[in-house]
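All letters in the sequence shown, in the order written, are residues 1 to 264 by the working numbering.
Glycine is no exception: its CB is placed at the ideal position from the N, C-alpha and C atoms.
This structure is a prediction, so every number in the text was calculated from the model and none was measured.
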Amino acid sequence: MPQWLEMLILSIVQGIAEFLPISSSGHLVLLQTAFRKMEETILINVVLHAGTLLSILCIYHQQIIDILTKHRRLIGMLIIGTLPAATVGLTIKTLFPNVLESPWISASMLIVTGIGLLWIRKQPEGPTDYAHITWKQAFAIGCFQAVGILPGISRSGSTIFAGLLVGLNRNSAATFSFLLAIPAILGATVLELKDLGEAPPDGMPRLYLLAGAGVSFFVGLFALVWLKRWLNQGRLHYFAFWCIPFGLISLVALVIRSLLNQHP
Numbered sequence: 001m002p003q004w005l006e007m008l009i010l011s012i013v014q015g016i017a018e019f020l021p022i023s024s025s026g027h028l029v030l031l032q033t034a035f036r037k038m039e040e041t042i043l044i045n046v047v048l049h050a051g052t053l054l055s056i057l058c059i060y061h062q063q064i065i066d067i068l069t070k071h072r073r074l075i076g077m078l079i080i081g082t083l084p085a086a087t088v089g090l091t092i093k094t095l096f097p098n099v100l101e102s103p104w105i106s107a108s109m110l111i112v113t114g115i116g117l118l119w120i121r122k123q124p125e126g127p128t129d130y131a132h133i134t135w136k137q138a139f140a141i142g143c144f145q146a147v148g149i150l151p152g153i154s155r156s157g158s159t160i161f162a163g164l165l166v167g168l169n170r171n172s173a174a175t176f177s178f179l180l181a182i183p184a185i186l187g188a189t190v191l192e193l194k195d196l197g198e199a200p201p202d203g204m205p206r207l208y209l210l211a212g213a214g215v216s217f218f219v220g221l222f223a224l225v226w227l228k229r230w231l232n233q234g235r236l237h238y239f240a241f242w243c244i245p246f247g248l249i250s251l252v253a254l255v256i257r258s259l260l261n262q263h264p
């Protein structure tokens, strides 16, 4: 398959799956298992995440302005919510980097994500607005975001799940989830920027990487609006009917592939 087509497919998947609760990292790992060497997974993930980061900044620009002007206490809440993911992410990246690139973990965790989405359907929304979130609530949501570092666990799904669990209303759970994504995605991007200064792996043109970020940005805008609408309509659990079957099918495919590789 041509590299440009691979990047196009990965960009569309990233733009959709970053915001919809189906795990962009899990899908990218599984797709790249079929497309190319696993060494490229983290680099391409970060480039495509940069595109979706711009989507968040566009959709939530007014909330960001409010945080910088009227609700400055939320800066501290976002820092508290980011600490667990930063700690866990750096630890896994340093000591267990293969975890982030494992198709077996990705497929298994997609099933876990699906089960969590089914639970959301039964969870009533709370009364709390994100502007009045406490540090305990922010930290609890941050712990769920740390779990979302595992490929196959949806970051948006897990943090929205946590937001409802600690008493936020549906709109506020989504808003705080994506505001919390800004430092998480930005931090991961900064850690990998040094790789972009080196020669792209396997001759991957920089133009393809930039185009991929652009596609993930525009697709991400659409996906973010879609998620907010379905969350307010109580339809978020519908995505479980994608995650669970896809995770199971991927596990079966990995088993078959493993058996075929053992018997040339």
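Around the C-beta of residue i, are 16 or more other C-beta atoms found within 10 angstroms, so that it is buried, or is it exposed?
i	result
P84	buried
S102	buried
V190	exposed
L57	exposed
Q32	buried
S154	buried
W4	exposed
R170	buried
I115	exposed
V46	buried
G76	exposed
L180	buried
F144	buried
Please state the DSSP three-state secondary structure of residue i.
i	result
L179	helix
T128	strand
L150	coil
L168	strand
H71	coil
I133	coil
I44	helix
F139	helix
S102	coil
Y238	helix
K122	coil
F19	coil
P2	coil
Y60	coil
Q233	coil
E39	With a pLDDT of 43 at E39, under the threshold of 50, the modelled position of that residue is not reliable, and no figure is offered here.
P84	helix
G157	helix
P97	helix
P245	helix
Just to confirm before moving on: does the CB-CB distance between residue i and residue j stay below 9 Å?
i	j	result
I120	L164	yes
A138	F178	no
H237	L117	yes
G157	G148	yes
G247	A107	yes
I185	H49	yes
I265	L251	Past the edges of the chain, shown from 1 to 264, lies residue 265, and the structure says nothing about it.
K136	A174	no
T128	S172	yes
I67	L78	yes
A162	A17	no
I141	T113	no
V29	L100	yes
I92	G152	no
L10	I44	yes
A131	H71	yes
Inter-stretch contact at 8 Å, needing at least 3 Cβ pairs: the stretch 21–35 / the stretch 229–248
yes
Stretch-stretch touch, CB-based, cutoff 8 Å, three pairs: the stretch 206–224 with the stretch 63–82
no
Between the stretch 46–56 and the stretch 214–234, do at least 3 Cβ pairs fall closer than 8 Å?
yes
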